[in-house]
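Asks:
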Amino acid sequence: MSHVIDIRHLSIAFEADGDVGFHTPIVNDVSFTIGEGQCVALVGESGSGKSMTARALMGLLPQGGHVVGGEIFFKNRNLTQCTEKEWQRLRGLRIGLIFQDPLAALNPLHRVGDQVAEVLRAHADETGLTESEIRTKTLELFEMTKIDHPEVRMRAYPHELSGGEQQRVAIARALLNAPKIILADEPTGNLDKETSDTIMTILKDINKQGTAVVMITHNLNLITDYPGTAIYKCEQGNILPLTTII
Numbered sequence: 394m395s396h397v398i399d400i401r402h403l404s405i406a407f408e409a410d411g412d413v414g415f416h417t418p419i420v421n422d423v424s425f426t427i428g429e430g431q432c433v434a435l436v437g438e439s440g441s442g443k444s445m446t447a448r449a450l451m452g453l454l455p456q457g458g459h460v461v462g463g464e465i466f467f468k469n470r471n472l473t474q475c476t477e478k479e480w481q482r483l484r485g486l487r488i489g490l491i492f493q494d495p496l497a498a499l500n501p502l503h504r505v506g507d508q509v510a511e512v513l514r515a516h517a518d519e520t521g522l523t524e525s526e527i528r529t530k531t532l533e534l535f536e537m538t539k540i541d542h543p544e545v546r547m548r549a550y551p552h553e554l555s556g557g558e559q560q561r562v563a564i565a566r567a568l569l570n571a572p573k574i575i576l577a578d579e580p581t582g583n584l585d586k587e588t589s590d591t592i593m594t595i596l597k598d599i600n601k602q603g604t605a606v607v608m609i610t611h612n613l614n615l616i617t618d619y620p621g622t623a624i625y626k627c628e629q630g631n632i633l634p635l636t637t638i639i
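See the structure below:
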């Protein structure tokens with residue numbers, strides 16, 4: 394299995410307050426790989442380093458956070474050397490991200506269909522999609538993520554959707570340009586069990602179609618029913634392989 398992501402001795406730290414240098418790394422000398430089409434779970438409590446590791450894979454560390462050691466390779470490209478302009482081309486086109494709170498990631502002033510189409514337009518130079526094709530693909534993604542009455546929902550504003558529908562829209566946005574890997578940060582955190590199961594099934598279906606999926610969660614039970622998932626335990630900035638679900 395070839396690798397989509399190869400993390401080598403990654404360390405992440407925040408700038409020290411009022412001083413030169415950094416605090417003790419919150420992610421410390423982490424190394425692991427994510428294969429093409431693989432499903433990986435990073436499991437750990439809040440502050441264990443799992444979300445910071447995922448954010449480093451997107452070039453989205455919070456203000457003051459820095460990679461202070463190691464390297465991250467995406468298909469043999471060293472992401473730690475990317476400029477912001479290069480990151481903008483990678484995000485959404487090659488690497489997709491599903492945030493924990495989909496409502497916070499959606500603009501309340503714009504219809505959700507327009508927000509999904511907007512991401513496609515941003516990469517139209519690379520994909521070559523026409524405006525008609527963008528509208529068609531937006532509808533197809535709403536259907537793929539099991540949104541009821543997709544043509545109607547496309548015209549809705551974020552606050553008019555349920556939490557599960559908002560998360561489906563977030564997944565649709567992450568899938569827009571057929572990325573090689575999707576990072577899902579607590580994708581079911583605020584959802585009831587039935588809706589949570591549906592979201593997890595959608596993510597597994599995406600994975601079966603060949604997209605690598607990384608699920609970041611504090612809940613080990615969330616992924617125990619999904620065979621083939623490689624689990625990494627995150628604890629105090631260390632990430633170690635735990636098991637693979639058979």
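Per the numbering used here, residue 394 is the first one in the sequence shown, and the count goes up by one each step. Think of the CB as a built atom: it goes at the ideal place given N, C-alpha and C, for glycine as much as any other residue.
1. Relative to the C-alpha of Asp422, which candidate in Gly442, Val433 and Glu438 has its C-alpha closest?
2. My understanding is that Leu596 touches Val607, with C-beta atoms under 8 angstroms, so please give their C-beta distance in whole angstroms.
3. Can you tell me whether Ile419 is helix, strand or coil according to DSSP?
4. In whole angstroms, give me the CA-to-CA distance for Ser444 and Ser589.
5. Going by other Cβ atoms of all chains shown within 10 Å of its Cβ, with 16 needed for buried, is Gly489 buried or exposed?
6. Only counting the same chain, and skipping five residues up and downstream in sequence, which positions put a Cβ closer than 6 angstroms to that of Val562?
7. Taking the beta strand (DSSP E) that Pro495 falls in, what are its first and last residues?
8. Alpha carbon to alpha carbon, how far is Met451 from Phe467?
9. List the residues that DSSP assigns as beta-bridge partners of Ile488.
10. Just list the residues that DSSP pairs Asp598 with in beta bridges.
11. Between the C-alpha atoms of Gln508 and Gln456, what's the straight-line distance to the nearest angstrom?
12. Would Ile624 pass as a contact of Thr637 if the rule is Cβ separation under 8 angstroms?
13. Helix, strand or coil: which one does DSSP assign to Asn614?
14. Closest by CA to Gly485, which one among Leu569, Gly582, Glu628 and Leu613?
15. Any idea what DSSP makes of Leu450, helix, strand or coil?
16. Between the stretch 611-619 and the stretch 428-439, can you find at least three pairs of beta-carbon atoms closer than 8 angstroms?
17. With a threshold of 7 angstroms on Cβ separation, who are the neighbours of Leu453 within its own chain once the five nearest residues in sequence on each side are excluded?
18. First and last residue of the beta strand (DSSP E) that includes Gly458?
19. In whole angstroms, give me the CA-to-CA distance for Glu408 and Arg528.
Replies: Let me spell this out:
1. Here residue 422 refers to the residue found at position 29 when the sequence shown is read from its first residue. Minimum Cα distance to Asp422 is reached at Gly442.
2. As a first step, residue 596 must be located in the sequence shown, where it is residue number 203. As a first step, residue 607 must be located in the sequence shown, where it is residue number 214. Contact doesn't hold; Cβ gap of about 10 angstroms is too wide.
3. Sequence index remark: in the sequence shown, residue 419 carries index 26 (1-based). It is coil, neither helix nor strand.
4. Here residue 444 refers to the residue found at position 51 when the sequence shown is read from its first residue. Here residue 589 refers to the residue found at position 196 when the sequence shown is read from its first residue. Going by the C-alpha atoms only, they are around 19 angstroms apart.
5. In the sequence shown, the residue the question calls residue 489 occupies position 96. Buried is the call here.
6. Here residue 562 is taken as the residue at index 169 of the sequence shown, counted from 1. Cβ within range, chain order: Val505.
7. Within the sequence shown, the letter at position 102 stands for residue 495. Looking at the DSSP string, Pro495 is not in any beta strand (DSSP E); the run it does join, the alpha helix (DSSP H), is Pro495 to Ala498.
8. Position 58 of the sequence shown, counted from the first residue, corresponds to residue 451. Position 74 of the sequence shown, counted from the first residue, corresponds to residue 467. For Met451 and Phe467, the distance between alpha carbons rounds to 10 angstroms.
9. Taking the sequence shown and counting its residues from 1, one reaches residue 488 at position 95. Answer is Arg484 and Ile574, bridged to Ile488.
10. The count along the sequence shown starts at 1 and reaches residue 598 at position 205. Answer is none; Asp598 lacks a bridge partner.
11. Within the sequence shown, residue 508 is the residue found at index 115, counting from 1. Within the sequence shown, residue 456 is the residue found at index 63, counting from 1. Approximately 26 angstroms between the Cα atoms of the pair.
12. Here residue 624 refers to the residue found at position 231 when the sequence shown is read from its first residue. Here residue 637 refers to the residue found at position 244 when the sequence shown is read from its first residue. Going by C-beta atoms, Ile624 is nearer than 8 angstroms to Thr637.
13. Your numbering for residue 614 matches position 221 in the sequence shown. Helix.
14. Residue numbering aside, residue 485 sits at position 92 when the sequence shown is read from its first letter. Closest option to Gly485, Cα to Cα, is Leu569.
15. Within the sequence shown, residue 450 is the residue found at index 57, counting from 1. If DSSP states are grouped into helix, strand and coil, Leu450 belongs with the helices.
16. yes
17. Along the sequence shown, read from residue 1 onward, the residue named residue 453 stands at position 60. Excluding sequence neighbours, Leu453 sits near nothing in its chain.
18. As a first step, residue 458 is located in the sequence shown; it is residue number 65 there, counting from the start. Start and end: Gly458 to Phe467.
19. Within the sequence shown, the letter at position 15 stands for residue 408. Within the sequence shown, the letter at position 135 stands for residue 528. One C-alpha to the other measures close to 44 angstroms.
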